[in-house]
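The sequence shown begins at 1 in the UniProt record's numbering and counts up one residue at a time.
Glycine included, each C-beta is placed from N, C-alpha and C at the ideal position.
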Amino acid sequence: MGITKNDYVPEDHNNADINTLLIHSDDILNNRIVNDVAPPINVTTTFRYSSNPDDWIPWADQTPEEKEKLLNHDFVYSRLSHPNNIRLEKNLNNIFDGYTTIYNSGLAAFNGIINYINPKQVFLPDCYHGIKSICKIWERNHGTKVYTNIDEIFNHLQEGDLVHIENPINPFGTVIDIKKYIDYAHSKKAFVVWDATFAPSPIICNHWDYDPDFILHSLTKYYAGHSDLLAGCIITKSSEIDTFLKNDRIYLGTNIGNLESFLLLRSLRSYELRVEKQSSNAKKVVEWLENNKTKFRGNLVKVSHAITQRKELAEKEQDTSFIDNLFNDDHTTPVFSLYLKDFYSCKTFITNLKYFQHATSLGGVESLVELRCLTDPNIDRNLIRVSIGCESAKDLINDIEQALNKI
């Protein structure tokens with residue numbers, strides 16, 4: 001167990017499978033909030049108090065139970081809570097097997113947890129540059145020491161520090177031996193946040209098996225899945241920490257909006273179907289690229305993904321168990337990167353693609369490519385990040401092949 005308390009008690013859903021939970025785990029709220037089959041868009045920002053004056057109890061005099069009822073059942077103001085964000089958290093608690101606090105973006109979720117931990121030191125591996133930028137703000141404003149080499153934990157980690165691990169790693173699609181880092185961090189009584197955006201729970205990976213203190217997801221990606229909303233979340237096993245995070249969220253002003261909540265609830269109903277397809281497609285595309293990269297006259301230099309990472313390690317007779325054990329069954333992350341010969345080759349390749357749209361972000365039903373240096377200043381100019389969608393794998397492979405042949 002990590003250094004945070006585990007008092008999460010799962011709800012009894014008669015061992016229902018993930019697809020059933022995605023559709024029905026918030027049904028208990030149907031008659032209490034609304035009786036619509038599809039939860040409605042709720043656009044109000046403010047809610048009427050009870051018409052009974054006996055219910056008007058000053059906030060300072062209310063018990064914790066009365067405050068919880070006011071926020072999560074009666075509602076007051078949508079920055080605090082509203083019907084669809086309560087539905088979302090109810091649903092995701094069951095999917096993630098923990099207490100979920102939802103935010104209006106993945107970066108807002110990270111900002112929520114770093115505000116809670118208030119660390120003197122932060123340790124980062126390769127990760128999303130937005131996380132690094134938040135840490136730089138903390139370094140500037142609070143004097144927080146930020147290490148960008150994760151192995152520095154073995155030299156400098158202290159009690160109460162924050163170890164933030166992104167696994168798989170953006171934009172490479174490769175993985176690290178996360179158990180080694182989590183175990184060491186806990187031996188020093190440090191907190192571990194696992195950004196699991198690239199291996200969404202619980203289809204691709206069972207993150208609690210590794211015992212992190214917190215799990216972070218950019219819900220914008222695979223849970224939303226349609227490139228039409230921003231959201232993020234922090235998951236914990238501690239009810240006390242969950243209460244802290246939700247109270248802090250009120251005053252950080254980072255609760256998810258009404259429309260975004262509605263859209264995310266809609267998307268969760270098809271989450272398993274989409275991610276299963278994306279994972280299967282990615283496996284086929286990566287394996288084809290790796291097996292055929294010599295066909296392209298040196299223009300395709302490298303395919304970066306957990307599959308190719310494992311192959312390279314196996315050829316060197318090095319340990320691959322940390323890759324094998326990370327992914328459930330035959331699943332894999334649907335994101336990888338291509339290294340082409342040069343910057344000009346990347347432009348030519350992207351220009352000639354038919355089914356891949358050139359845009360940032362990932363996780364949507366549509367396949368995307370991004371010349372990553374356009375948004376991340378730390379990435380090589382010949383790297384293209386690929387996010388695999390739900391199209392036919394055969395069509396995606398054919399599209400990549402014809403575009404590579406145009407270089």
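Residue closest to residue i, alpha-carbon to alpha-carbon, out of the options
i: Glu166; options: Asp399, Glu152, Glu159, Tyr181; result: Tyr181
i: Cys390; options: Pro377, Leu374, Glu370, Glu366; result: Glu366
i: Ile102; options: Ile86, Ile114, Asn94; result: Ile86
i: Phe75; options: Ile176, Ile150, Tyr251, Thr46; result: Thr46
i: Pro83; options: Leu259, Asp213, Gly98, Asn111; result: Leu259
i: Asn6; options: Glu240, Pro119, Pro64; result: Glu240
i: Ile384; options: Ser392, Phe349, Lys406, Lys354; result: Phe349
i: Leu300; options: Asp342, Ala231, Ala38, Ala314; result: Asp342
i: Ile256; options: Val275, Arg297, Asn42, Ala16; result: Asn42
i: Thr375; options: Lys120, His129, Asn111; result: His129
i: His156; options: Ala190, Ile307, Lys302; result: Ala190
i: Asn405; options: Glu272, Phe296, Ser218; result: Phe296
i: Thr144; options: Pro119, Gln158, Ile153, Lys132; result: Pro119
i: Ile137; options: Phe336, Gln158, Asn111; result: Asn111
i: Glu89; options: Val303, Val369, Phe336, Leu265; result: Leu265
i: Asn291; options: Leu268, Glu401, Asp36, Glu11; result: Glu401
i: Leu353; options: Thr294, Gly225, Leu368; result: Leu368
i: Lys293; options: Ala306, Tyr339, Asp36; result: Tyr339
Nearest-angstrom Cα separation, counted from residue j out to residue i
i: Leu289; j: Leu70; result: 55 angstroms
i: Ser345; j: Leu396; result: 19 angstroms
i: Arg48; j: Trp59; result: 16 angstroms
i: Ser227; j: Ile57; result: 43 angstroms
i: Ala109; j: Cys233; result: 5 angstroms
i: Asp161; j: Ile169; result: 21 angstroms
i: Glu312; j: Ile323; result: 12 angstroms
i: Ser270; j: Asp126; result: 31 angstroms
i: Ser81; j: Thr308; result: 44 angstroms
i: Val175; j: Glu65; result: 43 angstroms
i: Tyr184; j: Pro202; result: 25 angstroms
i: Arg249; j: Ile18; result: 28 angstroms
i: Ala282; j: Val192; result: 29 angstroms
i: Gln357; j: Lys347; result: 13 angstroms
i: Gly173; j: Ile114; result: 25 angstroms
i: residue 408; j: Asp211; result: Nothing in the structure corresponds to residue 408, since the chain is present only between 1 and 407.
i: Lys179; j: Ser187; result: 12 angstroms
i: Leu229; j: Leu326; result: 28 angstroms
i: Thr4; j: Leu216; result: 15 angstroms
i: Met63; j: Tyr355; result: Per the sequence shown, the amino acid found at residue 63 is Thr instead of Met. Between Thr63 and Tyr355, the C-alpha separation is close to 56 angstroms.
i: Pro39; j: Phe262; result: 7 angstroms
i: Asn15; j: Asn72; result: 26 angstroms
i: Asn52; j: Gly106; result: 40 angstroms
i: Cys379; j: Glu370; result: Checking the sequence shown, residue 379 turns out to be Ile, not Cys. Whole-angstrom Cα-Cα distance: 12 angstroms.
i: Lys237; j: Ile407; result: 51 angstroms
i: Leu21; j: Arg274; result: 15 angstroms
i: Thr44; j: Ser337; result: 43 angstroms
i: Leu252; j: Ile131; result: 17 angstroms
i: Glu68; j: Lys284; result: 48 angstroms
i: Glu139; j: Ala306; result: 32 angstroms
i: Asn141; j: Tyr223; result: 33 angstroms
i: Asn206; j: Thr148; result: 26 angstroms
i: Asp242; j: Glu159; result: 21 angstroms
Beta strand (DSSP E) segment containing residue i, residue limits
i: Trp208; result: Run containing Trp208: none; DSSP gives neither H nor E here.
i: Arg385; result: 383-387
i: Leu371; result: 368-371
N- and C-terminal bounds of the alpha helix (DSSP H) containing residue i
i: Leu263; result: 258-268
i: Gly245; result: In the sequence on display, residue 245 carries Leu and not Gly. Taken as a continuous stretch (DSSP letters only), the alpha helix (DSSP H) holding Leu245 covers 239-252.
i: Glu290; result: 271-292
i: Ala393; result: 393-404
i: Tyr344; result: 343-351
6 angstroms CB neighbourhood of residue i in its chain, flanking five on each side removed
i: Cys135; result: Val122, Val146
i: Lys221; result: Thr197, Leu362, Gly363
i: Ser25; result: Asn91, Asn94
i: His331; result: Ile204, Ser279
i: His164; result: Leu124, Val193
i: Thr254; result: Tyr103, Asn104, Ala108
i: Ile117; result: Leu162, Phe191
Min CB distance residue i to chain D below 9 angstroms
i: Asn72; result: Checking the listed chains, one finds no chain D in this structure; it contains a single protein chain.
7 angstroms Cβ shell around residue i - same chain, five flanking residues per side excluded
i: Gln278; result: Pro334, Ile388, Gly389, Cys390
i: Arg310; result: Thr320, Ile323
i: Ile153; result: Phe123, Val163, Tyr181, Tyr184, Ala185
The ligand COA heavy atom lying under 8 angstroms from the CB of residue i
i: Thr100; result: In terms of ligand content, the structure shown is empty, and the ligand COA therefore cannot be addressed.
Residues of its chain near residue i, where Cβ-Cβ distance is below 8 angstroms and the 5 sequence neighbours each way are ignored
i: Ala393; result: Ser280, Asn281, Lys284, Val285
(request) Output the residue ranges of the beta strand (DSSP E) runs that lie fully inside the region 171-236 and measure 3 residues or longer, sorted by chain position. (result) 191-195, 214-217, 232-236
(request) Please go through the region 302-336 and give each complete alpha helix (DSSP H) segment of 4 or more residues, from N-terminal end onward. (result) 306-315, 321-324
(message) If we require 4 or more residues per run, which alpha helix (DSSP H) segments fall completely within the region 90-163?
(response) 106-117, 129-142, 153-156
(message) Suppose only complete runs of 4+ residues qualify. What are the alpha helix (DSSP H) ranges in the region 63-94, listed by chain order?
(response) 64-69
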